[in-house]
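K.L.:
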Ligand code: ADP
Ligand code: MG
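Numbering (our numbering), first residue to last: 12 to 626.
#1: With 16 as the cutoff for other CB atoms within 10 Å, does residue 340 come out buried or exposed?
#2: With H, G and I counted as helix, E and B as strand and the rest as coil, what does DSSP make of residue 498?
#3: Put residue 170 into one of helix, strand or coil per three-state DSSP.
#4: DSSP three-state call for residue 58: helix, strand or coil?
#5: For the segment 527-604, list the alpha helix (DSSP H) runs that are entirely contained and at least 4 residues long, ordered along the chain.
#6: Return the CA-CA distance between residue 89 and residue 70, expressed in angstroms with no decimal places.
#7: Which same chain residues end up closer than 7 Å to residue 144 when comparing Cβ atoms and leaving out the 5 residues on each side of it in sequence?
#8: Rounding to the nearest angstrom, what Cα-Cα distance links residue 164 and residue 459 in this structure?
#9: Flag residue 63 as yes when its Cβ comes closer than 7 Å to any non-hydrogen atom of the ligand ADP, and as no otherwise.
#10: Give me whichever residues DSSP pairs with residue 234 in a beta bridge.
#11: Got a sec: does the ligand MG put a non-hydrogen atom nearer than 7 Å to the Cβ of residue 166?
#12: For residue 202 versus residue 346, is the C-beta distance shorter than 8 Å?
#13: DSSP state of residue 317, grouped into three classes?
#14: For the beta strand (DSSP E) containing residue 46, name the first residue and the last one.
#15: Who does residue 293 pair with in a DSSP beta bridge?
#16: Could you give the first and the last residue of the continuous beta strand (DSSP E) run that contains residue 76?
#17: Enumerate in chain order the residues of its own chain whose CB-to-CB distance from residue 607 is below 6 Å, with the five nearest sequence positions on each side excluded.
#18: With DSSP run on the structure shown, which of helix, strand or coil describes residue 454?
#19: Closer than 7 Å: is that where the CB of residue 366 sits relative to any heavy atom of the ligand MG?
#20: Buried or exposed for residue 396, going by 16 or more other Cβ atoms inside 10 Å?
#21: Could you tell me the distance, in whole angstroms, from the CA atom of residue 559 to the CA atom of residue 611?
#22: What's the C-alpha gap between residue 263 and residue 308?
#23: Kindly indicate the opening and closing residues of the beta strand (DSSP E) around residue 409.
#24: Apply the 10 Å Cβ neighbour rule to residue 569 and answer buried if 16 or more other Cβ atoms are within range, or exposed otherwise.
#25: Residue 357 and residue 251 - do their beta-carbons sit closer together than 8 Å?
#26: Give me the Cα-Cα distance between residue 93 and residue 149, rounded to the nearest whole angstrom.
#27: Exposed or buried, which one is residue 34 when buried takes at least 16 other CB atoms within 10 Å?
#28: Tell me whether residue 378 sits in a helix, a strand or coil according to DSSP, three-state version.
#29: Using CA coordinates, which residue listed in 368, 349 and 112 is at the minimum distance from residue 376?
#30: Can you tell me whether residue 361 is helix, strand or coil according to DSSP?
#31: According to DSSP, is residue 401 part of a helix, a strand, or is it coil?
#32: Kindly provide the chain-ordered list of residues whose Cβ lies closer than 5 Å to any non-hydrogen atom of the ligand MG.
#33: Please report the residue range of the alpha helix (DSSP H) in which residue 197 lies.
#34: Mark residue 194 as exposed unless 16 or more other C-beta atoms lie within 10 angstroms of its C-beta, in which case mark it buried.
#35: Compute the Euclidean distance between the alpha carbons of residue 30 and residue 274, then round it to the nearest angstrom.
#36: If you drop the 5 nearest sequence neighbours on each side, which residues of the same chain put their C-beta closer than 8 Å to that of residue 368?
Here it is, written out as structure tokens:
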């Protein structure tokens, strides 16, 4: 049997150990798994009860890194050696971040030999990939410690708007940390998985995911149907989050005491501000003293201070809805993600904006993305066979047929795993081989699509054109690997082939291919379906006519009449230009003539063997 393994999305993998889910956040990162016993997704917890690891890397004077809480403690004292928000730099060039460079208190440098930014700490240069890998390696070690088993494979989440370079950078960071990254999953998709959305067949939902983290705000609108998740729109603000709440509160206090904005006290006020913000999620008043200063904040004052920031997030929601061409009443569920959605004002404002009585905030908002990643990991590991996969094959897969036409076996947005097979035949009498070329894309002509692989199916026994039946099967497994098999059904001939896998497409290329196809899409498709049915019918008619001409003696009178009559019916259906009718009558003619083909095969075999010795 001919088999090619093409890795469309990730890479071949073997199955065995636990696959973890990782939320590699701008502010905090964490790791989660689905527990074997309870089948529940849970965040891995340190003995001290913490699940979140600050996404901060600190380098000591010798260049030794530390990660997490320990590193975060150095943020104020050693700003040049303490790297935070590295996610903002992933896959970015210096030009990309030059406008934002004042945001970073560490040195983001322009390395002329490399288009991508680097971070300088003392005399060392680090790429964002290396820095992220330090965080991932720390998470991996933690997980191994807690689980007491090696952790080698992971699903990592990224914002839905991440482009291919950013996704690839995340993947590379995983690799560098010694992790086989099986899947990069969109954060909002992971969140909906965590809420169990998109796991049922026939479920159709439009979901808004409101993700307000430490430094970033992401709004995503998802459409989930039959286990397939499509991102309809994303919007957000890469400089809006809980940190801005802290700054705003600190500024408010600095103002009260008339302290200049650049005073070092600001750092301490900011820490108090974060504490105040958190406390006010469940109480009415905050009070503390910092040095000689008595700081207090009521819930009402707090809400007044952050209202403009919350409003900015709502403006992004409105834009996302506009892009998705949806009104709020079309949104079935609103999911609250990110630590900052604990703020009462945020919840209330989002509720009001979407006109909802209830939001989804049952799950821990800063764990929900990791929980979803863990569920995706569990599905990939094959433990969870009842659940559907959220991933889809983004472009159609098919093979080249007569006239350079693309014949799609697995249409775009089909959920995976998936399989499909179709039969093809020879076009020339005595044809002994058949070229099978696998393509990816949406255009009608294969030359406009992308070739993934091709091979020669050899050893088809000599037969008149149209008699050989070659079944081509496509199978995409849960890892996104496509296997193509080819088999000649009448003779049972199978062909083994080897094809070097090609790399996946970038998101941009994918988008371009989809856009290209959209412009010529709909009417094209109907015409094409009719054209194909007619071509197939005509080929069938030609084959049968040729057969009758050569082998009339093989049939009795009744068979001949029946065949002739069905040929006339088929010809009429072609003239009527009714695709379904043509297909039905073609199949009918095929049914009638199938036994003849077998008789002919026997004859052909007898012919072939005459005068030959069988060993
Ligand atoms: P990210 O996704 O950007 O890594 P998180 O989702 O972990 O960030 O959110 C971190 C933010 O959540 C911080 O600004 C933190 O102060 C804020 N936060 C955490 N807990 C609370 C709380 N109880 N009330 C308000 N804000 C909170
Ligand atoms: Mg997050």
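Idealized CB from N, CA, C, for every residue including glycine. Since the model is a prediction, treat every value here as computed from it, not as a measurement.
P.N.:
Straight from the coordinates:
#1: Classification for residue 340: exposed.
#2: In this structure, residue 498 counts as strand in the three-state DSSP scheme.
#3: Three-state DSSP puts residue 170 in coil, outside helix and strand.
#4: DSSP, read as helix, strand or coil, puts residue 58 in coil.
#5: DSSP runs (the alpha helix (DSSP H)) wholly in the segment 527-604: 533-562 and 568-586.
#6: Spanning the two alpha carbons is a distance of roughly 9 Å.
#7: These residues qualify, in order along the chain: 184, 187 and 188.
#8: Those two C-alpha atoms are separated by around 36 Å.
#9: When distances are taken from the beta-carbon of residue 63 to the heavy atoms of the ligand ADP, the shortest one is below 7 Å.
#10: Its beta-bridge partners are 217 and 241.
#11: In this structure, residue 166 has its beta carbon at no less than 7 Å from each heavy atom of the ligand MG.
#12: Yes, these two residues count as a Cβ contact at 8 Å.
#13: Three-state DSSP puts residue 317 in a helix.
#14: It is not in any beta strand (DSSP E) - residue 46 carries neither H nor E in the DSSP assignment.
#15: Note: residue 293 sits in no beta bridge, so no partner.
#16: DSSP places residue 76 inside the beta strand (DSSP E), whose first and last residues are 76-78.
#17: Setting aside the 5 residues that flank it on each side, residue 607 has no residue in the same chain whose C-beta is closer than 6 Å to its C-beta.
#18: Residue state, collapsed to three classes: coil.
#19: Outside the cutoff, so no.
#20: Per-residue confidence for residue 396 stands at a pLDDT of 48, beneath the threshold of 50, marking its modelled position as unreliable; no derived number is given.
#21: Their backbone Cα atoms lie some 11 Å apart in a straight line.
#22: Linking residue 263 to residue 308 through their CA atoms gives a straight-line distance of about 10 Å.
#23: In the DSSP assignment, residue 409 falls within the unbroken beta strand (DSSP E) covering 408-412.
#24: Residue 569 is exposed by the Cβ-count criterion.
#25: Against a cut-off of 8 Å, the Cβ pair of residue 357 and residue 251 comes out as no contact.
#26: So the alpha carbons of these two residues sit roughly 16 Å apart.
#27: Of the other Cβ atoms in all chains shown, 16 or more fall within 10 Å of the Cβ of residue 34; this residue is therefore buried.
#28: Here residue 378 sits in coil by DSSP.
#29: In this structure, 349 is the residue among 368, 349 and 112 with its C-alpha nearest to the C-alpha of residue 376.
#30: In the three-state DSSP reduction, residue 361 falls in the helix class (H, G or I).
#31: For residue 401, the pLDDT reaches just 40, beneath the cut-off of 50, and the residue's location in the model is therefore unreliable, leaving the point undetermined.
#32: Neighbourhood of the ligand MG, defined by CB distance below 5 Å to any of its heavy atoms: 36 and 224, in chain order.
#33: From DSSP, residue 197 is part of no alpha helix (DSSP H) but of the beta strand (DSSP E) over 191-197.
#34: Label assigned to residue 194: buried.
#35: When rounded, the distance between both Cα atoms is 47 Å.
#36: Only 362 meet the Cβ criterion.
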